[in-house]
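Shown next, in structure tokens, is the structure this report addresses.
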Amino acid sequence: MKLIVVTAVCLLVSTDAFLFGCACPRPTSCDGYVAPKPYYPVAPKPYYPVPPKPYYPVPPRPYYPEPPKPYYPEPPKPYYPEPPKPYYRVSPPPYYAAFPG
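In structure tokens, the structure reads:
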């Protein structure tokens, strides 16, 4: 009877120890366990709006109209007619009658 009680108590204690991590060995990176990194919330960056750029209007440019260009008509091109080509009588190509076939 004592053995049964002792066995039950040992099982209960070992189960509690396993569940609550009292007696179980801590897993290491050798076991493939990676400990979760603690979460530190990143503080939001303060918002500094970009200051508006000062508006300097572009000063109007003075208007100087272009002076009128003098009109020089193009000089007439000299006319050189093509010299007449010498006439060589070209004999017509020989006429070959189709042989009845």
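Throughout the sequence shown, residue numbering follows mature numbering (1 follows the signal peptide of the UniProt record, and there is no 0), covering -17 to -1, 1 to 84 in sequence. Think of the CB as a built atom: it goes at the ideal place given N, C-alpha and C, for glycine as much as any other residue.
C-alpha distance - residue i paired with residue j, whole-angstrom precision
i: P50; j: Y62; result: 35 Å
i: K20; j: Y30; result: 28 Å
i: residue 91; j: P77; result: Examination of residue 91 is not possible in this model, given that the chain is present from -17 through 84 alone.
i: Y46; j: P34; result: 35 Å
i: S74; j: K60; result: 40 Å
i: residue 102; j: P48; result: As shown, the chain starts at -17 and ends at 84. That puts residue 102 outside it, with no answer to give.
i: P41; j: P24; result: For clarity, residue 41 is Val in the given sequence; the question names Pro instead. Cα to Cα, V41 sits roughly 48 Å from P24.
8 Å Cβ shell around residue i - same chain, five flanking residues per side excluded
i: P32; result: none
**Study point:** Complete runs of the beta strand (DSSP E) confined to the segment 13 to 79 [at least 3 residues]
**Key:** For the segment 13 to 79, not a single whole beta strand (DSSP E) run of length 3 or above is found.
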